[in-house]
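Protein chains in written order, with my numbering: chain F, 8 to 382; chain W, 8 to 382.
Glycine is no exception: its CB is placed at the ideal position from the N, C-alpha and C atoms.
Protein chains: 2
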Amino acid sequence: MNLPFEILATDGTARRGHLATAHGHVDTPAFMPVGTLGTVKGLLPEQVAASGAQILLGNTYHLMLRPGAERVARLGGLRRFMDWKGPILTDSGGFQVMSLAKLRKLDEQGVTFKSHLDGSLHHLTPERSIEIQDLLDANITMQLDECIGLPAPRREAERAMHLSLRWAERCKKVFRERAGYGLFGIVQGGVDKALRKESALALKDMSFDGYAVGGLAVGEPQEVMLEVLDFTLPLLPADRPRYLMGVGTPDDLVKAVMRGVDMFDCVLPTRSGRTARGYTRRGVINLRNARHRDDPRSIDPDCPCPTCSRWSRAYVHHLFRAEEMLGSILLTLHNLYYYQEVMAGLRKAIEAGKLEDFATAFFEQQATGDLPPLG
Amino acid sequence: MNLPFEILATDGTARRGHLATAHGHVDTPAFMPVGTLGTVKGLLPEQVAASGAQILLGNTYHLMLRPGAERVARLGGLRRFMDWKGPILTDSGGFQVMSLAKLRKLDEQGVTFKSHLDGSLHHLTPERSIEIQDLLDANITMQLDECIGLPAPRREAERAMHLSLRWAERCKKVFRERAGYGLFGIVQGGVDKALRKESALALKDMSFDGYAVGGLAVGEPQEVMLEVLDFTLPLLPADRPRYLMGVGTPDDLVKAVMRGVDMFDCVLPTRSGRTARGYTRRGVINLRNARHRDDPRSIDPDCPCPTCSRWSRAYVHHLFRAEEMLGSILLTLHNLYYYQEVMAGLRKAIEAGKLEDFATAFFEQQATGDLPPLG
């Protein structure tokens, strides 16, 4: 196997694993911060690494448009370009073509679209997506798929799933196999059990280095997402990593890990960090809220992150009110630490066989609400 | 003396000194980065300190409006609020009232103005300015003065200078003397030799802990500024630090240090860092320029800063084109390192009695222009 994956412990359907890449290993279940354009917005790579993140996600769609995959390759690949030392996973570009590009036209061959930046015309095929991800030097490459929104008619979900399977084969064919690098297939099929099953089994037959569940976190309620996981995950090979794309809240992460997901990515901790939303043990708080104006306490008094160790809610509030960059930086930092701490807690709980206890305590604490105001 | 200042070496009229405050010492000549609103924009305090900065400047006008001086005091003072470990100098608020506030009305008592943020009415007197700076816990407090633009009629410069002298006395009267803290007077008088002399001698008679030259860097040519320094600095007590407010470019710093200035502050390295202008040994370059798009070289190949050690011009260019925060962060960091390196070079040259040689080499290198494009 080019991407060795070892399951170290299980607890129910949850798994604690170790994924080895050419640029370092990943302890799973793992959360991958999103570095869309070759940077996790506002942070230096070492700040991201210090939060506990071992692997980053880069976006093929954004990077192919700017600065361009060939340019990144000439500059030594994405890792060298941004000076991130660890492994990188890139998406295929398909999802963002559908959500961001203009005048897109999809056919059997691939998708033609106009850049949201300058209107220039681009063509993305399964083969080109793999080539771009190779140029970026991604350790984990994702197949090109067609991701549709939910709810969707069954016929539409079926058509997109079948197309994604044909694209999976084409991706597999051109992917350059090498040690420490791998290609993941993506299960599609909307919310339909039979379609998901068909997709999962077909991908399994093709033998990928890992399997993503795609087409979720696209507007459906959490229980729908969890139900799809419940009937999809058992169909995937147990010895390969499972990646739930674009998910989610801390609550989503805990529930998906309990069902057997190994990897996640989401813009929530970083995007929220720029819009003054802080994730804490007691739920989400808005740092722009006037209640924090005079509060000398940390965002989360139990958090060991640099932000909570050194700065008050009052200071972070002030920075957001004054529209100072440092507000986004400090809160993004905190949110990433918090996400990584949830993941570390999950890993430890699985090792100890105490995942149920962990989850119960987690949900209870999340439900308590923010600290009461100071007398 | 509450603010001990020792001259360790001189070279011509230039001085190499050591200023002791309650929160650490400052090696002079020194450049103070500007942290307008309780943050050097985009950087953590330790990044600013790592650049070599030993003292920061905070802006009374901005901080009194938001978050408010009393609030900062309740939160432990500006140092604790922003977690900067070293000394802080605050300006008096006068300069920014004149440049930013709306509907300002100045009389003998002080200045009444409307906030540029919300139109609220504020009153700033010499006594209130000192009180605010005390609440912020500034190690170096500046007297309130009236700073006029240049060119200005002599009569106007004389009126403002006299008012500033009367305000200097009122500031001195209410300043709370204590070890490790000091109050600086500000010489005014426009470009008029007699007025500058009258101002300098009157302030000297009042005995301040240091003396600033104000009313420069307000639009006049460099030679006018240097001429004012030439006839003003010799009138100031040799055993007290001399601070040239709001200056300047690296070229300004070298020329002013040669004339005997000990301290500087300026937004240039930080503001330029946010507008893609990088200061280098070979002059200023614009990182948005397409010539850097494919350039794997550092902004300044001789620079030991984190940005130049780890990232290419191509990467910084990409970040600015993509409007990523990290572009401003990396370039601000580089600019601050470069400014501090110029200051360290000046200090070393004065110690060695080789300031002329240093300056000659500096001006020559600055004139060479940017690196030629790669073959």
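Pull the bridge partners of arginine 289/F from the DSSP assignment, please.
DSSP output for arginine 289/F lists no bridge partner at all.
Proximal residues of chain W, C-beta to C-beta of aspartate 307/F below 7 Å:
By Cβ distance, chain W contributes nothing, its closest Cβ being about 17 Å from aspartate 307/F, past 7 Å.
In chain F, what lies closer than 7 Å to tryptophan 91/W by C-beta?
None at all; the shortest Cβ gap to chain F is about 11 Å.
Does the CB of leucine 44/F have a neighbour CB from chain W at under 8 Å?
yes
Can you find at least 3 beta carbon pairs, one from the stretch 26-41 of chain W and one from the stretch 313-331 of chain F, that sit closer than 8 Å?
no
Is it true that the CB of tyrosine 250/W sits closer than 8 Å to the CB of aspartate 237/W?
no
Using only CA atoms, which one of His30/W, Thr46/W, Met8/W lies nearest to leucine 333/F?
Thr46/W
Rounded distance between the beta-carbons of threonine 287/F and aspartate 307/F, thought under 8 Å
4 Å
Start and end residues, alpha helix (DSSP H) containing glycine 84/F
84-89
Could you check what DSSP says for tyrosine 188/W in three-state terms: helix, strand or coil?
coil
Classify lysine 92/F as helix, strand or coil using the three-state DSSP reduction.
coil
I need the straight-line Cα distance from glycine 94/F to aspartate 144/F, nearest angstrom please.
Residue identity check: residue 94/F is proline in the sequence provided, not glycine. Those two C-alpha atoms are separated by around 9 Å.
Using a Cβ-Cβ cut-off of 8 Å, state whether alanine 56/W counts as contacting chain F.
no
Rounding to the nearest angstrom, what Cα-Cα distance links histidine 123/F and lysine 211/F in this structure?
35 Å
Limits of the alpha helix (DSSP H) - the one that glutamate 298/F falls within:
The amino acid at residue 298/F is misidentified as glutamate; the sequence shows arginine. Unbroken run through arginine 298/F: none, as it is neither H nor E.
Give the residues from the stretch 329-341 of chain F that approach chain W closer than 8 Å (Cβ to any Cβ), ordered along the chain.
Ala329, Glu331, Met332, Leu333, Ser335, Ile336
Which value, in whole angstroms, describes the spacing of the CA atoms of leucine 378/F and arginine 289/F?
8 Å
Assigned exposure category for proline 158/W - 16 Cβ within 10 Å defines buried:
exposed
Taking the alpha carbon of methionine 252/F as the point to measure from, which residue in Cys273/F, Ala21/F, Lys262/F, Leu343/F has its own alpha carbon closest?
Cys273/F
Relative to the C-alpha of proline 155/W, which residue among Thr132/W, Gly101/W, Gly376/W is closest?
Here residue 155/W is isoleucine; the residue named in the question, proline, does not match the sequence. Nearest of Thr132/W, Gly101/W, Gly376/W to isoleucine 155/W, Cα basis: Gly101/W.
Along chain W, in chain order, which residues have C-beta atoms closer than 9 Å to that of phenylalanine 88/F?
Trp318, Ser319, Ala321, Tyr322, His325
Can you pull the DSSP bridge partners for alanine 37/W?
Met270/W
Could you pull out every residue in the same chain whose Cβ sits closer than 7 Å to the Cβ of aspartate 34/W, ignoring the five residues on either side in sequence?
His25, Gln61, Arg354
Taking the beta carbon of serine 136/F as the centre, do at least 16 other beta carbons fall within 10 Å, making it buried, or is it exposed?
buried
Taking C-beta pairs closer than 8 Å, name the residues in chain W that aspartate 301/F reaches, listed in chain order.
Arg78, Arg81, Leu82
The beta strand (DSSP E) that contains glutamate 13/F, what's its start and end?
12-18
Could you check where the alpha helix (DSSP H) with arginine 4/F kicks off and where it finishes?
Given a span of 8 to 382 for chain F in the structure shown, any question on residue 4/F remains unanswerable.
On a Cα-Cα basis, can you pick out the residue from Tyr345/W, Ile357/W, Asp18/W, Arg73/W that is closest to arginine 284/W?
Tyr345/W
Three-state secondary structure assigned by DSSP to alanine 359/F:
helix
DSSP state of histidine 123/F mapped onto helix, strand, coil
coil
Measure the C-alpha to C-alpha separation of serine 335/W and threonine 17/F and round it to an integer number of angstroms.
45 Å
Interface residues of chain W around arginine 395/F at Cβ under 9 Å?
Because chain F is modelled from 8 through 382, residue 395/F falls outside the range shown and cannot be assessed.
Please list the partners that glycine 49/F has in chain W, where partner means a Cβ-to-Cβ separation under 9 Å.
Gly49, Glu331, Met332, Leu333, Ile336
Would you call the CB atoms of aspartate 152/W and phenylalanine 191/W closer than 8 Å?
no
What span of residues does the alpha helix (DSSP H) with isoleucine 137/W cover, start to end?
133-143
For aspartate 364/W, which residues from the same chain have a beta carbon less than 8 Å from its beta carbon, with the 5 sequence-adjacent residues on both sides left out?
Ala356
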